[in-house]
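Undergrad:
Residue numbers (the numbering used here): 155 to 794.
1) Check residue 596 in the structure and name its three-state DSSP category.
2) Which of the three DSSP states, helix, strand or coil, is assigned to residue 712?
3) What span of residues does the beta strand (DSSP E) with residue 773 cover, start to end?
4) Please report the distance separating the alpha-carbon of residue 268 from that of residue 500.
5) According to the Cβ coordinates, are residue 302 and residue 215 closer than 9 Å?
6) Between the stretch 685 to 699 and the stretch 722 to 737, do three or more beta carbon pairs fall short of 8 Å?
7) Could you tell me whether the stretch 390 to 399 touches the stretch 527 to 544, where touching means 3 or more Cβ pairs closer than 8 Å?
8) Tell me whether residue 472 is buried or exposed, calling it buried when 16 or more other Cβ atoms sit within 10 Å of its Cβ.
9) On the DSSP bridge assignment, give the partners of residue 704 in chain order.
10) Taking the straight line between their C-alpha atoms, what separation do you get for residue 489 and residue 523?
11) Residue range of the alpha helix (DSSP H) that residue 635 falls in?
12) I'd like the span of the beta strand (DSSP E) that includes residue 524, first residue to last.
13) If we call anything under 9 Å between Cβ atoms a contact, is residue 759 one with residue 639?
14) Which of helix, strand or coil does DSSP assign to residue 472?
15) What do you get for residue 591, buried or exposed, if any count of 16 or more other CB atoms within 10 angstroms of its CB means buried?
16) Considering only their Cβ atoms, is the gap separating residue 513 from residue 407 smaller than 9 Å?
17) Quick check on this structure: which residue in 717, 433 and 278 has the alpha carbon closest to the alpha carbon of residue 643?
18) Taking 6 Å as the limit between beta carbons, can you name the residues of its chain near residue 362, skipping five residues before and five after?
19) Would you report the Cα separation of residue 756 and residue 782, rounded to the nearest angstrom?
20) For residue 299, which of helix, strand or coil comes out of DSSP?
21) Would you please verify whether the beta carbon of residue 293 is less than 9 Å from any beta carbon of chain B?
22) Bridge partners for residue 510 per DSSP, in chain order?
23) Which residue from 772, 699 and 700 puts its Cα closest to that of residue 734?
24) Where does residue 220 land, buried or exposed, given buried means 16+ other C-beta within 10 angstroms?
25) Please list the terminal residues of the continuous beta strand (DSSP E) segment that includes residue 435.
26) Based on Cα-Cα distance, which residue from 187, 482 and 684 lies nearest to residue 326?
27) Under the DSSP definition of a beta bridge, which residues are partnered with residue 780?
28) Which stretch, first to last residue, makes up the beta strand (DSSP E) that contains residue 672?
29) Quick one: grab the DSSP three-state call for residue 220.
30) Across which residues does DSSP place residue 294 in a beta bridge pair?
31) For the alpha helix (DSSP H) containing residue 451, list its first residue and its last residue.
32) With DSSP run on the structure shown, which of helix, strand or coil describes residue 755?
33) Could you check what DSSP says for residue 443 in three-state terms: helix, strand or coil?
34) Please check the pair residue 265 and residue 230, which I expect to be a contact at CB under 8 Å, by giving their CB distance rounded to whole angstroms.
35) If residue 803 and residue 192 are in contact, beta carbons under 8 Å, what's the gap, nearest whole angstrom?
36) Let's test the definition: count the other Cβ atoms within 10 Å of the Cβ of residue 432 and tell me whether it reaches 16, buried, or not, exposed.
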């Protein structure tokens, strides 16, 4: 331990701090702080853009495969080779499509396309069955290239790296130049403090390294939420599809039962319907022996009709299901109209399948002469039901586990936010304090230029401190759990107006606040969003002798079930061409000399409104004011 301490002391004595000037130490410290902040922000932007790009191409692949399979269903059913090739050729001309293959249910390739430049390592692949009337008649496979996404991400990465390099070079050159020329002698006391910090007298060190676990925690949390959401959506769609299939099957069975009542009136008509039916249709006599089997029975069971005629139907039913089958047979022979039963039967190859059987008596002159049965292989459906139940249990367990992890992650994020707030702002407070001390003690000995530079340093450190505070607020606005309760927007807006009126004494501002609804949401987050928007209007109307600010709601849009609120002012306005960047972090359309601010307030407002299920947008013209619109779901609204 002693040897390690000696090495550390030697590093600080002869390395970055010991023999280097105070200006260099301050320059390096400020550069490190700026680099950390800028790198974190640009990294978040890069990750967000990359996720959006990949999500977009995944959605495009799903849309292509669905559209192609639906378009090919009728030509495939009609065995229309020309139309199949025509459809394939049309979709092959799509720039993003790199590979397309269409095969029928026997495995024959009906259409195949491969792009000249095919990179199998960067492909989004999709495969989907082609169905017609709930029958699988083929399969289509596609591959989409993501070359454009890779190029966009590479370009974005180059921009990020360029911004990082430019930021650190500018701060290094400008700060070091100013400090070395004007502040080396006056800041001797500050140099001593930095030396003590470098030697370990304070908790903060200029060679601070940010814990890399933050990025991994954030990535794991997003990944977890995305996965939970994706699984819930998949489960819902699977259940919904299953319900639709069950409803369609029951409807088909009811129609078949009605057809069976009239079978004895027309044997020829009965034969035609049976021969074309995909379900198995059979007839047994009063002894339970097969007397007729439709061709589809061989497709389902593997047995030919001649192999089964004259044999008892119980031989092919598993022993555990035979009592139920005998009970239904007795009921039908005793006058029951129809019986439905799910059974397990043995195919010719020895495998078990699940069938849904619907049986009805055949009557002649009022007497039962046999039993007719229509059955369908529902093995896939049974397996799907079992899989759904298994996935439900697994999902419940994972949700519980993810909930525990989420709570732990939120605690870690809160602890990290406190650490960032304390450790990043501490050196700024030190620098600002010592410069303030320098101004107090040495101001009379400095020329006007030096005094102006000192004022610039003080204002820059204060702006940096405010920037860190806003960044933390932006982070918390997306992490703080939403505590939903009833929020009176009229009352909330009036409270904020009174707070702002105290801060704008001496200005003439005419407020018009229309009746606003009561909605369900987090009062603290909504207060922050509304305050940011109203502060924005107050700030940019400073150019007016008499400012006008109005808050109200538009007429509800029935189709979207939305309530739209607006905040309108007659201030400096903005260029509508750049409205897409208005709510991005650090995006400003006015210089800081004209209007102060960090460029984060509107980004915080947008994040809060989005978390409440709404949206926010703006309209404006330079010199003619701006209007901000906020939409809320009517499901969460109570009329005032």
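Heads up, the beta-carbon is just placed ideally off N, CA and C, and yes, glycines get one too.
TA: Walking through what the data contain:
1) helix
2) Residue confidence is low: residue 712 scores 48 on pLDDT, short of 50, so the model does not pin down where it sits. Its coordinate-derived value is still stated next. Of the three classes helix, strand and coil, the one that applies to residue 712 here is coil, per DSSP.
3) In the DSSP assignment, residue 773 falls within the unbroken beta strand (DSSP E) covering 769 to 774.
4) 43 Å
5) no
6) yes
7) Taking 8 Å as the limit for Cβ pairs, the verdict is that the stretch 527 to 544 does touch the stretch 390 to 399.
8) exposed
9) 666 and 722
10) 12 Å
11) Per DSSP, residue 635 belongs to no alpha helix (DSSP H) and is neither H nor E.
12) 521 to 531
13) no
14) Residue 472 falls in the coil class under three-state DSSP.
15) exposed
16) no
17) 717
18) Note on residue 362: pLDDT 39, under 50, position unreliable in the model; the coordinate value appears next. The answer is none, since no qualifying residue turns up.
19) A straight-line Cα-Cα distance of about 10 Å links residue 756 and residue 782.
20) strand
21) Of the protein chains in the structure, only one exists, and it is not chain B.
22) 496 and 530
23) Among 772, 699 and 700, the Cα nearest to that of residue 734 belongs to 772.
24) exposed
25) 434 to 438
26) Closest option to residue 326, Cα to Cα, is 187.
27) 723 and 774
28) Note, residue 672: beta strand (DSSP E), 672 to 675.
29) helix
30) 256 and 282
31) 449 to 455
32) helix
33) Residue 443: strand per DSSP, three-state reduction.
34) In fact, because the Cβ distance is near 10 Å, the residues do not count as touching under 8 Å.
35) This structure gives no information on residue 803, because the portion of the chain shown stretches from 155 to 794.
36) exposed
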